[in-house]
Structures are given as structure tokens and as C-alpha cells.
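Residue numbers (the numbering used here), protein chains in the order written: chain A, 27 to 86; chain B, 209 to 348.
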């Protein structure tokens with residue numbers, strides 16, 4: 027499933043950036059550049075999916 | 209969603225602002241150092257910086273309309289938008305919306321799309337919803 031970032035820009039300009047389908051803290055990196063380009067992050071709400079550990083494959 | 213961030217928009221990308229202006233029938237006047245306003249504050253006094261700016265935004269085809277001045281923010285991070293809304297700025301407010309909401313929205317959409325593309329995402333859907341918000345879905 028592709029990583030999906032959704033940006034909602036309200037009529038007053040207030041904006042929310044949300045990301046889904048990326049497990050763990052990798053989701054923050056996906057949106058960091060977008061958030062920085064837009065302005066200042068005033069609230070950051072990780073969701074349940076964010077708290078799950080990423081799926082990491084181990085091989086020898 | 210695994211992460212939701214709420215953003216306070218800071219105007220700093222003039223190219224995106226220029227595109228947003230064009231969509232609304234406005235024109236970004238780069239390096240125009242003054243913006244049109246009434247010229248005198250209530251009480252007959254004005255701050256020395258009133259009417260001064262680094263760039264300005266005008267209404268195309270309406271020489272009577274007041275203008276928006278882009279003034280560098282004190283912290284150096286982007287611009288503050290200043291304008292005189294007396295009598296709706298003689299046509300300015302109609303174009304930019306109350307508190308420049310329409311202009312800021314258009315600007316944020318442009319910035320968001322550009323930044324998403326730079327981050328490797330492609331826009332798969334962009335819709336204006338019934339509440340006036342614009343929803344942009346990107347994927348990679």
C-alpha cells in the first residue's frame with residue numbers, strides 16, 4: 027500500500043498535514059519538508075499507527 | 209492517519225504567492241516598496257512604517273483598490289501581510305477574502321503541492337469540499 031499524505035487547507039488558510047500507511051516514526055520524516063515549507067507546526071498529534079514499531083526484516 | 213500536524217502558514221515563497229495571486233485576479237509586485245492605503249491613521253497620526261513594505265500585491269484592473277504590503281516579520285521568518293480594510297479596501301477584500309483567507313489558502317495549496325512533489329509524492333487528488341476547504345491527496 028502506498029504511503030499517503032493528505033493536506034487539508036481551510037478557507038481561513040489554517041492547514042493540517044496527515045500521513046498514513048507508514049509505520050513508526052518514519053512518518054514524521056515524510057511530512058517534515060512539507061510542514062517546514064508551509065510554516066510553523068503548532069500542534070503534532072501522533073496516532074495509534076505511529077506508536078507501532080516499523081516492520082523490520084532481519085537477515086544474515 | 210498515523211500523524212497529523214496543524215500548521216500556522218508563514219508566507220515566504222514568493223513564487224507560490226505569485227501563482228496564488230494570479231488565480232485571484234491579483235498581481236504580486238516584487239520590490240515595490242510602498243503599498244496603497246488611506247495614508248492616515250485614526251487620530252491623524254501614522255506609524256513611520258505604515259505603507260512601507262518589501263513587496264506589494266495589487267488588484268488587477270482596479271487602480272482605486274488598496275494594496276497589500278509584504279513586510280518582513282521581526283523574526284526574519286517570512287512576511288507579514290498588511291492592508292487597510294476600510295470600505296473593504298475598495299475591492300481588495302472581495303478578492304483576498306476576510307483576513308486574506310482566500311489568498312492564504314491559495315498560497316498554502318501551491319506550497320503544499322510543490323513541497324509534496326519535492327518529497328517524492330505525486331498528487332492523486334485535489335478537491336474543494338463543500339465547506340470550502342481544499343483536500344490534496346498525495347502518494348508515493
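We treat Cβ as the ideally placed atom computed from N, Cα and C, and that holds for glycine.
* Would you say residue 324 of chain B and residue 298 of chain B are within 8 angstroms of each other, going by their C-beta atoms? -> As a working mapping, residue 324 of chain B is identified with position 116 in the second chain. As a working mapping, residue 298 of chain B is identified with position 90 in the second chain. At the C-beta level, residue 324 of chain B and residue 298 of chain B stay beyond 8 angstroms of one another.
* Inter-residue Cα distance where the pair is residue 32 of chain A and residue 45 of chain A -> Counted from its first residue, the first chain places residue 32 of chain A at position 6. Counted from its first residue, the first chain places residue 45 of chain A at position 19. Looking at the two C-alpha atoms, the distance is approximately 6 angstroms.
* By the criterion of Cβ-Cβ separation under 9 angstroms, what are the contact partners of residue 326 of chain B in chain A? -> Translated into positions along the second chain, residue 326 of chain B becomes position 118. Neighbours of residue 326 of chain B across chain A, judged by C-beta separation under 9 angstroms: 59, 60 and 63.
* To do: Along the alpha helix (DSSP H) that carries residue 382 of chain B, what are the first and last residues, could you check?
  => The structure shown does not extend to residue 382 of chain B, since chain B is modelled only from 209 through 348, so no value can be given for it.
* Please report how far the alpha carbon of residue 60 of chain A lies from the alpha carbon of residue 341 of chain B, in whole angstroms. => By one-based count along the first chain, residue 60 of chain A stands at place 34. By one-based count along the second chain, residue 341 of chain B stands at place 133. About 18 angstroms.
* Can you pull the chain A residues whose beta carbon is under 7 angstroms from the beta carbon of residue 216 of chain B, in chain order? => Mapped onto the second chain, residue 216 of chain B falls at position 8. 65, 66 and 68, listed in chain order.
* **Alpha-carbon spacing of residue 295 of chain B relative to residue 301 of chain B, whole angstroms** => Walking along the second chain from the start, residue 295 of chain B turns up at place 87. Walking along the second chain from the start, residue 301 of chain B turns up at place 93. If you take the alpha carbons of residue 295 of chain B and residue 301 of chain B, they lie about 9 angstroms apart.
* Delimiting residues of the alpha helix (DSSP H) encompassing residue 223 of chain B -> On the second chain, position 15 is the one that residue 223 of chain B refers to. Segment 222 to 231, the alpha helix (DSSP H) holding residue 223 of chain B.
* Quick one: which chain A residues come within Cβ less than 9 angstroms of residue 335 of chain B? -> The residue labelled residue 335 of chain B in the question sits at position 127 within the second chain. Within chain A, no residue comes near residue 335 of chain B; the closest Cβ sits about 10 angstroms away, beyond 9 angstroms.
* Would you say residue 319 of chain B reaches chain A, if we count a Cβ-Cβ gap shorter than 8 angstroms as a contact? -> Within the second chain, numbered from 1, the residue matching residue 319 of chain B stands at position 111. The C-beta of residue 319 of chain B comes closer than 8 angstroms to at least one C-beta of chain A.
* Three-way DSSP call (helix, strand, coil) for residue 68 of chain A in this model -> Here residue 68 of chain A refers to the residue found at position 42 when the first chain is read from its first residue. Here residue 68 of chain A carries a strand assignment [DSSP, helix/strand/coil].
* Return the first residue and the last residue of the alpha helix (DSSP H) that residue 304 of chain B is part of. => Within the second chain, numbered from 1, the residue matching residue 304 of chain B stands at position 96. Segment 300 to 304, the alpha helix (DSSP H) holding residue 304 of chain B.
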